[in-house]
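Visitor:
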Amino acid sequence: MESFILRFRGAILASILTAFALTLLPIPDQLLIWRPEWVALTLVHWVLVMPRRVSIMLAWFAGLLLDALYNSSLGQHALGLSVVVFITMRLRLRINVFTLTHQLTVLLVALGSYMLINLWVLGFTGNSPAAWLYWLSLAGSLIIWPFYHWAMTRVFMTLNRFDD
Amino acid sequence: MFLIDELSENRLESSLLIKFMLAVLLSVAMILMDYRESSLAPIRTSLNIMLHPLQVVVDLPFRAANNVIAFFKNHSKMMEENQKLETLVGIYAARDQKYHSIAQENIRFRKQLNATPAVQERFMLAEILSVSRDQHRKTVTIDKGAEDGLYQGQVVLAGNSIYGQIYSVAPASAVILQLTDSRHAIPVRNNRTGLGAIAVGSGNTNQLELKNIEANIDIKAGDTFFSSGLGQLFPADFPVATVASVAYNPGDSFMRVKARTMVDFSKSREVILIWRSNHLTVLRAANAEAKEKP
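These protein sequences, in sequence, are chains A and B. The opening residue of the first sequence carries number 55 in our numbering; numbering runs sequentially from there. The opening residue of the second sequence carries number 1430 in our numbering; numbering runs sequentially from there.
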């Protein structure tokens, strides 16, 4: 039995919409390179906490929307987010889901592959980003994760009072 | 209980792998299709339509905040500004009068010479809804679209200099490719020497690179580059950028010339769309190109 349940119906969709809104939020140029990958973080959160509620198809479609948002090659982020969900689902069985260091390790592997795929597709289509600054958003994602994870749990989930 | 859990976990894993393979194949196929030709444009357009409400909602608080700030702005300051603007309008009205008489004269002369009429232009103001959050793409979304008569390849201005061109159009919104996007290039001309060059976007804010400038060519920091009108897309003689730095490595064939754009892309909230009388030819050329491809 799960000790947490969704606070309301459609909480997962609502959280993904929130992630899109966060992605769209105008922020100063200096902070832009640190911007976390909100949608990927959200998907990882749900896979870790409620793996049965998230499917690869959901991740794929969210990625497609992200491609439209970024004006990147259609399928680039769709591929990346599918990989994120797949890796997290596989690694989830081998870790303690509620330990921060374990979470961060999964995040590092999943988001690392995600950004590597983005890098490959960008290079393939002839828009290689400049140097190592590209990876700052991975660092940003890892730094924001504990707070984001906590906030997501508080906002979208509630304790299961019928736990046995 | 434990056994059932184990079994379902196993089934979950195997179906997961199949779904994952499917997603990967589908994505790779789409990336390849999107790269080779633009046959996925309808999909992109429908996705953009789905995203449009979200973009409007996210933009709303910022617009409201701007309005509130404007409302509470110091009254005396507003009076002062108003006075200044009124004088400006007066000056412009006088200039406009002069312009009208010159335009009339021009039309008369052209009739006498049996020349073709000069380029007629129409303008429209559009507001920027959202800026691309991808660091590698310099694009913005505006609140006007195909319903307002926008078309792909249309020229966009900000103030009195060139901002970019329209990259894709949805019914109620459009995506603009800025001059600084690394996929964008514009033919320019040095105002001081008349040298022609191509200004390619650097992918960094407000920064362009002038390509293929040979080492012995006269160019220095502070030179202003105007659009040259070559390539037929952009109108001629709009200011584009000033040269920020010129560097030459002995052994290279070309200099590295960096230029700052006239438009401050991090600040502008409104852009001006122009319709030139040649936009039909641009449209036809684009259509012909699209027809040739498949």
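Positions of the beta carbon are idealized from the N, C-alpha and C atoms, including for glycine.
1) Alpha carbon to alpha carbon, how far is phenylalanine 1431 of chain B from asparagine 150 of chain A?
2) Assuming contact is defined by CB atoms lying nearer than 8 Å, are phenylalanine 1667 of chain B and serine 1590 of chain B in contact in what I supplied?
3) Please identify the residue among B/Leu1554, B/Ala1603 and B/Asn1620 whose C-alpha is closest to the C-alpha of threonine 1568 of chain B.
4) Between asparagine 1503 of chain B and chain A, is the shortest Cβ-Cβ distance under 8 Å, so that the two count as touching?
5) Quick test of your reading: aspartate 1572 of chain B and leucine 1554 of chain B, contact by CB under 8 Å. State the CB separation rounded to the nearest angstrom.
6) Please tell me whether phenylalanine 1538 of chain B has its Cβ less than 8 Å away from any Cβ of chain A.
7) I believe proline 1600 of chain B touches glutamate 1576 of chain B by the beta-carbon criterion, under 8 Å. Please report the beta-carbon distance rounded to the nearest angstrom.
8) For isoleucine 1734 of chain B, decide whether its Cβ has a neighbour in chain A, counting only Cβ atoms nearer than 8 Å.
9) Considering only the beta carbon of each residue, do tyrosine 168 of chain A and leucine 95 of chain A sit closer than 8 Å?
10) Listed in chain order, which residues of the region 1464–1481 of chain B have Cβ atoms closer than 8 Å to some Cβ of chain A?
11) Does any residue of chain B have a CB that is nearer than 8 Å to the CB of threonine 179 of chain A?
12) Run through chain B and tell me which residues come within less than 8 Å of asparagine 125 of chain A, C-beta to C-beta.
13) Grab me the residues of arginine 1685 of chain B's own chain with a C-beta within less than 7 Å of its C-beta, minus the 5 sequence neighbours each way, in chain order.
14) To the nearest angstrom, report how far apart glutamate 1699 of chain B and alanine 1587 of chain B are at their CA atoms.
15) Are the beta-carbon atoms belonging to serine 1611 of chain B and glycine 1593 of chain B less than 8 Å from one another?
16) Pick out the complete alpha helix (DSSP H) segments inside the region 142–195 of chain A, 4 residues or longer, and give them in chain order.
17) Rounding to the nearest angstrom, what Cα-Cα distance links leucine 85 of chain A and threonine 72 of chain A in this structure?
18) Would valine 175 of chain A count as contacting chain B if we go by Cβ distances under 8 Å?
19) Rounded to whole angstroms, what is the Cα-Cα separation between glutamine 1636 of chain B and phenylalanine 1654 of chain B?
20) Interface residues of chain A around glutamine 1484 of chain B at Cβ under 9 Å?
21) With distances taken Cα to Cα, identify the nearest neighbour of phenylalanine 74 of chain A among A/Arg89, A/Leu170 and A/Ile171.
22) Between the Cα of leucine 1483 of chain B and those of A/Leu79, A/Phe140 and A/Arg61, spot the shortest distance and give me the residue it belongs to.
23) Indicate whether valine 98 of chain A and leucine 158 of chain A have their beta-carbon atoms separated by less than 8 Å.
24) I need the DSSP call for lysine 1513 of chain B, collapsed to helix, strand or coil.
25) Mapping the DSSP letters down to three states, classify methionine 55 of chain A as helix, strand or coil.
26) At a Cβ threshold of 8 Å, is alanine 164 of chain A touching chain B?
27) Identify the continuous alpha helix (DSSP H) that holds alanine 1667 of chain B and give its terminal residues.
28) The beta strand (DSSP E) that contains valine 1569 of chain B, what's its start and end?
29) Whole-angstrom Cβ separation of valine 139 of chain A and isoleucine 171 of chain A, contact assumed at under 8 Å?
30) Just reading off the alpha helix (DSSP H) that proline 1616 of chain B is part of, what are its end residues?
31) By the DSSP assignment, the alpha helix (DSSP H) with serine 69 of chain A in it spans what residues?
32) Run through DSSP, which three-state label would phenylalanine 115 of chain A get?
33) How about leucine 170 of chain A: is its C-beta nearer than 8 Å to some C-beta of chain B?
34) Using only the alpha-carbon positions, how far apart do alanine 1532 of chain B and glutamine 1583 of chain B sit?
35) If you draw a straight line from the C-alpha of alanine 1644 of chain B to the C-alpha of asparagine 1678 of chain B, how long is it?
36) Is threonine 1725 of chain B helix, strand or coil when you go by DSSP?
Guide: Taking the coordinates as given:
1) Taking the first residue of the second sequence as position 1, residue 1431 of chain B is located at position 2. Taking the first residue of the first sequence as position 1, residue 150 of chain A is located at position 96. With a pLDDT of 47 at phenylalanine 1431 of chain B, under the threshold of 50, the predicted position of this residue should be treated as unreliable, though the coordinate-derived value follows. Between the alpha carbons of phenylalanine 1431 of chain B and asparagine 150 of chain A lies a distance of about 18 Å.
2) On the second sequence, residue 1667 of chain B is found 238 positions in, with the first residue counted as 1. On the second sequence, residue 1590 of chain B is found 161 positions in, with the first residue counted as 1. A contact, by the Cβ cut-off of 8 Å.
3) For the purposes of this step, residue 1568 of chain B is identified with residue 139 of the second sequence, where counting begins at 1. Checking every option, the nearest Cα to that of threonine 1568 of chain B belongs to B/Ala1603.
4) Indexing the second sequence from 1 puts residue 1503 of chain B at position 74. No, because no Cβ of chain A sits closer than 8 Å to the Cβ of asparagine 1503 of chain B.
5) As a working note, residue 1572 of chain B is residue 143 in the second sequence. As a working note, residue 1554 of chain B is residue 125 in the second sequence. Not a contact, Cβ separation roughly 10 Å.
6) Counting from 1 along the second sequence, the entry for residue 1538 of chain B is found at position 109. Taking Cβ atoms only, chain A never reaches closer than 8 Å to phenylalanine 1538 of chain B, which makes this a no.
7) Counting from 1 along the second sequence, the entry for residue 1600 of chain B is found at position 171. Counting from 1 along the second sequence, the entry for residue 1576 of chain B is found at position 147. Contact flag correct, Cβ pair sits at about 5 Å.
8) Coverage of chain B is limited to positions 1430 through 1723, which leaves residue 1734 of chain B absent and any answer about it impossible.
9) For the purposes of this step, residue 168 of chain A is taken as residue 114 along the first sequence, with counting starting at 1. For the purposes of this step, residue 95 of chain A is taken as residue 41 along the first sequence, with counting starting at 1. Cβ atoms of tyrosine 168 of chain A and leucine 95 of chain A: not closer than 8 Å.
10) Tyr1464, Leu1469, Ile1472, Arg1473, Leu1476, Asn1477, Met1479 and Leu1480
11) Stepping through the first sequence from its first residue, residue 179 of chain A is reached at position 125. Chain B, which has a Cβ nearer than 8 Å to the Cβ of threonine 179 of chain A, makes this yes.
12) In the first sequence, the residue the question calls residue 125 of chain A occupies position 71. Here the neighbours are Ser1561, Asp1563, Arg1566, Thr1568, Tyr1596, Ser1597 and Val1604.
13) Sequence index remark: in the second sequence, residue 1685 of chain B carries index 256 (1-based). Excluding sequence neighbours, arginine 1685 of chain B sits near Ala1676.
14) Here residue 1699 of chain B corresponds to residue number 270 of the second sequence, with the count starting at 1. Here residue 1587 of chain B corresponds to residue number 158 of the second sequence, with the count starting at 1. Approximately 7 Å, taken between the alpha carbons.
15) Translated into the one-based positions of the second sequence, residue 1611 of chain B becomes position 182. Translated into the one-based positions of the second sequence, residue 1593 of chain B becomes position 164. Their beta carbons are not under 8 Å apart, which means serine 1611 of chain B does not touch glycine 1593 of chain B by this criterion.
16) 154–178
17) The sequence position of residue 85 of chain A within the first sequence is 31, counting from 1. The sequence position of residue 72 of chain A within the first sequence is 18, counting from 1. C-alpha separation (whole angstroms): 19 Å.
18) Position 121 of the first sequence, counting from 1, holds the residue named residue 175 of chain A. Yes, valine 175 of chain A counts as interfacial toward chain B.
19) Residue numbering aside, residue 1636 of chain B sits at position 207 when the second sequence is read from its first letter. Residue numbering aside, residue 1654 of chain B sits at position 225 when the second sequence is read from its first letter. Those two C-alpha atoms are separated by around 13 Å.
20) One-based indexing of the second sequence puts residue 1484 of chain B at position 55. The answer, in chain order, is Leu78 and Leu123.
21) Position 20 of the first sequence, counted from the first residue, corresponds to residue 74 of chain A. Looking only at A/Arg89, A/Leu170 and A/Ile171, the smallest Cα-Cα distance to phenylalanine 74 of chain A is reached by A/Arg89.
22) Residue 1483 of chain B sits at position 54 when you count from the first residue of the second sequence. Checked all of A/Leu79, A/Phe140 and A/Arg61; the closest Cα to leucine 1483 of chain B is A/Leu79.
23) By one-based count along the first sequence, residue 98 of chain A stands at place 44. By one-based count along the first sequence, residue 158 of chain A stands at place 104. Contact: no.
24) The residue labelled residue 1513 of chain B in the question sits at position 84 within the second sequence. Reduced to three states, the DSSP call for lysine 1513 of chain B is helix.
25) Sequence index remark: in the first sequence, residue 55 of chain A carries index 1 (1-based). Here the model assigns methionine 55 of chain A a pLDDT of 46, short of 50, so the residue's position is not dependable and the matter cannot be decided.
26) Residue 164 of chain A sits at position 110 when you count from the first residue of the first sequence. No, its Cβ sits nowhere closer than 8 Å to a Cβ of chain B.
27) In the second sequence, residue 1667 of chain B corresponds to position 238, counting from 1. As written in the sequence, residue 1667 of chain B is phenylalanine, which differs from the alanine given in the question. Neither: phenylalanine 1667 of chain B is in no alpha helix (DSSP H) and is coded neither H nor E.
28) Working through the second sequence from its first residue, we reach residue 1569 of chain B at position 140. Taken as a continuous stretch (DSSP letters only), the beta strand (DSSP E) holding valine 1569 of chain B covers 1568–1571.
29) The sequence position of residue 139 of chain A within the first sequence is 85, counting from 1. The sequence position of residue 171 of chain A within the first sequence is 117, counting from 1. Contact flag wrong, Cβ pair sits at about 13 Å.
30) Here residue 1616 of chain B is taken as the residue at index 187 of the second sequence, counted from 1. Element bounds for proline 1616 of chain B: not the alpha helix (DSSP H) but the beta strand (DSSP E), 1614–1619.
31) Indexing the first sequence from 1 puts residue 69 of chain A at position 15. Residues 65–78.
32) To locate residue 115 of chain A, count along the first sequence from 1; it is residue 61. The three-state reading of DSSP puts phenylalanine 115 of chain A in helix, counting H, G and I together.
33) Translated into positions along the first sequence, residue 170 of chain A becomes position 116. Cβ-Cβ to chain B under 8 Å: no for leucine 170 of chain A.
34) By one-based count along the second sequence, residue 1532 of chain B stands at place 103. By one-based count along the second sequence, residue 1583 of chain B stands at place 154. Taking the straight line from one Cα to the other gives about 25 Å.
35) On the second sequence, position 215 is the one that residue 1644 of chain B refers to. On the second sequence, position 249 is the one that residue 1678 of chain B refers to. So the alpha carbons of these two residues sit roughly 9 Å apart.
36) Outside the modelled stretch of chain B, which goes from 1430 to 1723, sits residue 1725 of chain B, for which no answer is possible.
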